[in-house]
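Taking it in order: structure first as C-alpha cells, then the write-up.
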C-alpha cells in the first residue's frame with residue numbers, strides 16, 4: 195500500500211515545490227547580520243546596561259547597512275538585466291515596466307450587508323464600512 199501511495203501521491207495530491215522563497219537580497223550575510231541584531235536586542239532587554247544598548251545600536255546600524263548594500267546590489271543587477279532586455283527582448287522589458295508602474299494593487303474584499311447579502315463592488319463595500327464605523331463610533335443608545 196505504501197508503494198502505491200508513494201507512486202500516485204504526487205499525481206493525486208500535487209507535488210510541492212517546497213520552501214518559502216525569499217527575496218534575492220536575503221543572503222547569508224544579511225541573515226547573519228539580522229540574527230546578530232536580534233541577539234543584541236534580547237541582550238539589551240535582559241541586561242539593560244548602557245554597554246548592551248550601545249552594542250545593540252552598533253549592530254543595528256551594521257544590519258541596516260548590510261540590508262541596504264544587498265538591496266542596492268539587487269537593484270543594480272535588475273537595472274543591468276532591464277538594459278539587456280530593452281535591446282534583446284523589448285516585449286519583456288515593457289511588460290516589466292508596466293508591472294512596476296502599477297505597483298501593488300489593493301484588493302477590496304467582499305463583505306456582507308446588514309441583511310446578509312454579499313457586497314462585492316468597491317462602492318458598496320466602502321459604503322458598508324462607512325455605515326459600520328458610523329454606527330460604531332456614534333451609537334444611538336448609550337452603553
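Residue numbers (my numbering): 195 to 337.
Cβ atoms here follow ideal geometry from the backbone N, Cα and C, with glycine treated the same way.
With a cut-off of 8 Å, does the C-beta of residue 300 fall near any C-beta of chain C? Reference to chain C is not applicable here, since this structure consists of a single protein chain.
Starting from residue 318 and walking both ways along the alpha helix (DSSP H), at which residues does that stretch end? First-last of the alpha helix (DSSP H) with residue 318: 316 to 331.
Could you please give the first and the last residue of the uninterrupted alpha helix (DSSP H) stretch that includes residue 271? 244 to 282
Identity of the residue in 237, 259, 258 and 260 nearest residue 249 by Cα: 237
Go ahead and label residue 271 buried or exposed: buried means 16 or more other beta carbons lie within 10 angstroms of its beta carbon, across all protein chains shown. exposed
So, is residue 231 buried or exposed, given that buried needs 16 or more other C-beta atoms within 10 angstroms? buried
Could you tell me whether the region 286 to 296 touches the region 254 to 262, where touching means 3 or more Cβ pairs closer than 8 Å? no
For a quick check, are the C-beta atoms of residue 319 and residue 264 less than 8 Å apart? no
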